[in-house]
Amino acid sequence: MIKQDPTSCDQDGGYFALTGVVNSEAKLEKISGSFLTSVDAEPGDLEGKGVIALGSVGLAQTDADVIAEGYSQASKGESARKAVVYGVQNRGRIILEYIFQPPDSEGKVYFSAYDVTHWQDEVDECLRLSDLFQTGAESAGIGFWFWYLESGEEFSTPTCNRFFGLAPDDSLSLSGLIESVHPDDRSYAKKYLMDAIEEEGSFDFQCRLVHDDGNVFWIALKGATFTGDAKGAGILTGSVQDINELKSVNKELERIYKLERKARDQAELANKTKDYFLAIVSHELRSPLNSILGWTKVLINNDVDEETGGKALNTIERSARAQARLIEDLLDSASITSGRLKLDKRKVNVFHVLEEVVNSFQPTVEQKGIELTFSHSGEDAFVNGDSARLRQVFSNLLGNASKFTPRKGSISCALRVRDEEVSICFEDTGRGIRKEHLPLIFDRFRQADEVERGKFKGLGLGLSIVKILVEEHGGNVSAESEGRGKGARFTVRLPLASSVQAIDREKEKNASTMRVSSEKEVLHGIRVLIVEDDIDSRKVLEIFLKQMGARVRTASSVEEAFESLDKNEDSPPNIVISDLGMPESDGFDLVMRLRESDRFGSIPAIALSAFSSFKYREKAMEAGFQIYHTKPFAPDKLCTQIAQLVKLSEKKRTESA
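Position 643, counted from 1, in the sequence shown is what the numbering used here calls 1011; the numbers after and before it change by one each time, with no gaps.
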């Protein structure tokens, strides 16, 4: 054991802040050091006093028991090291670390003290900054951990422990981290960590954790391995952060992006389809129109023989019918889109409807050299449906089969009744449908193969209308094909009348009371004022209503209409039918002036317009019209509306008289 002379130590520059000797009687025999000077004390103030006198040295005060405890331990033969904090007046604190040596042969105990105030201040500052850093990290939800790779010493913050299901005071181990990772992520998580240890590199990855309760959530791990610490050992340190919410947000953003992308693709496709459709509409409508106008010009010249004239009339009729079918498809599509499709449902025998359609197609397919067969069990198949619309469905499907089946091909139509449904299958040996086109076959404005669409006529509306009409009947339609050149099969399935809800008889009764036959004279004696700027539309409506027995006056403008009203004040019209879209004053102006008139304000009015949107209908009703009738006018329906409105008006007038 080395014993240093306290006096020489102090004189050599104060290696120790304080040195001294305690004799066998526990009295301070000798003491010196820079500490005494710094607290305004002299050696003589302490020498000869007991060890506890070190608790009060000049301006410095401390707990003497700690010093006495160190001396007591040394006097028993053990070295003792005690840190003592002195409070110094007007100076703050001085921290001395006392070292007491065991007694020598004379029973003397030598001691020395280092001034560790500066070191402790640095340690305290580090601890303070560490606490601030940890508090900030905890607030941000970031946990930290480190492991001494050689000793296995480990440390982790409370936030880190919370992520891994540990108590706040526990420490996270490397094995504990790996075991907490989701089984599907465990292998790559372990690889990242092991690579960082072996290569003294860094790691940055994301994985899922699984708690004992089965809860799964995402975390992000970042860190590195470094060496050269005070212990001279390698340390693996890292941070962990909960990214579960971020993952959920990213997943939602990804979902939204996919939806947006899909919507954008659909919008782009819709624009392309619209442009393509407009071109097809132009072509399909102009083609029959070209024949009609061409042959009409030939007939006007009167320089044709009887055979040519007959051919001209047949061509004109055929072209007009083709154009009418195209327009009907367009109107049906518009009605479906706007939700105005109406079905006149009643009990219908599908067998009879289908048989009629098949028979009507026989001459056409035979002319093309196509064999058409119709197989059935012969039993009735009643459904609750609209016979005209079902006829349209079957005609469209059979027409498609005929269009795409080459000469010497075959088409089969089969009707089967099974359980509570009837199935109608149309199968052909035609061109078939590419498998990638099958999911799109019932979309509007599509045909089986748009690449070769120019070879076949039509707007591509037929199958979309078929699908809607079948679904409106409570059924479904499907398409099958093995590919190009292998034909196609379309199957319609409809519920039998016994398995669907019965028709609302009261509704049917009410509807029937609103129907008026189109026989002549049904509007006998009713005075009608027609206001229409288009001369052709005005004339055809005038002729029709006169055929129905009405007494008709016409006007081409609002001003002319009121001139007619003033001129015939003694016999005013029972009803006014007015177009909406007219130059200068329109139909809205007419009906508002009519309602403001004392003489003519009670006359009922029907709006006749080519605009079918709800906003025009609503605006017309608010302006004062009782009924909104879209062009082209439906003869039976218009007669019904006129008769009902006039009857209601007369009833009100009688009641108020």
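Heads up, the beta-carbon is just placed ideally off N, CA and C, and yes, glycines get one too.
In this structure, F742 keeps its C-beta atom at 7 Å or more from the C-beta atom of F794. A865 places its beta carbon 7 Å or farther from that of V896. Taken in chain order, the complete alpha helix (DSSP H) segments of 4 or more residues contained in the segment 423-484 are 432-443. The three-state reading of DSSP puts Q994 in coil, since its state is none of H, G, I, E or B. In the structure shown, I792 falls within a strand segment according to DSSP collapsed to helix, strand and coil. It is roughly 16 Å from the alpha-carbon of E437 to the alpha-carbon of G388. For R714, the enclosing beta strand (DSSP E) stretches over residues 714-717. Cβ contact annotation for G800 (same chain, cutoff 6 Å, sequence separation greater than five): S849, G851, R852, G853, K854, G855, A856, in chain order. In the three-state scheme derived from DSSP, where H, G and I count as helix and E and B as strand, N682 is classed as helix.
The DSSP-derived three-state label of A638 is helix. Distance from the CA of G602 to the CA of S519, rounded to the nearest whole angstrom, comes to 9 Å. By the neighbour-count criterion, in which 16 or more other beta carbons inside 10 Å mark a residue as buried, E900 falls on the buried side. Look at L783 here: in three-state DSSP terms it is strand. The alpha carbon of R686 has as its nearest neighbour, out of L698, G677, I660, D671, the alpha carbon of I660. Under the DSSP assignment, L958 falls in the alpha helix (DSSP H) whose first and last residues are 955-964.
The Cβ atoms of S570 and A588 do not sit closer than 7 Å to each other. Excluding residues up to 5 positions away in sequence, E522 lie with their Cβ nearer than 7 Å to the Cβ of S541 in the same chain.
V890 is the residue among V890, S392, G662, D902 whose C-alpha sits nearest the C-alpha of Q1012. F403 is the residue among I668, L766, F403 whose C-alpha sits nearest the C-alpha of Y454.
Q1009 is the residue among L500, H892, A692, Q1009 whose C-alpha sits nearest the C-alpha of I995. For K935, the three-state secondary structure derived from DSSP is helix. Taking 7 Å as the cut-off, the beta carbon of A973 is found closer than this to the beta carbon of V944. DSSP, read as helix, strand or coil, puts S548 in helix. In this structure, K444 lies away from Y466, with their beta-carbon atoms at least 7 Å apart.
Taking all protein chains shown into account, N752 has 16 or more neighbouring C-beta atoms within 10 Å of its C-beta and is therefore buried.
Nearest neighbour of F968 by Cα position, chosen from A975, S977, L976, L958, turns out to be L958. Nearest C-alpha to G893 among E415, Y984, K1015, E788: K1015. CA-CA distance, L976 to P1000, rounds to 9 Å. N612 and C575 have their C-alpha atoms spaced approximately 10 Å apart.
Here V834 has V761, N764, L765, V845 as same chain residues with Cβ atoms under 7 Å from its own Cβ, once five neighbours each way along the sequence are excluded. Residue state for E410 is assigned as coil, using DSSP reduced to three classes. Around the beta-carbon of G949, fewer than 16 other beta-carbon atoms lie within 10 Å, marking it exposed.
Between S480 and F384, the C-beta spacing is below 7 Å. Taking the C-beta atoms as reference points, V477 is found nearer than 7 Å to V390. Within the same chain, Cβ atoms closer than 8 Å to the Cβ of R461 are found at V453, Y454, G455, T485, the five residues on either side in sequence being excluded.
When beta bridges are read from the DSSP output, W515 appears opposite E522, L604.
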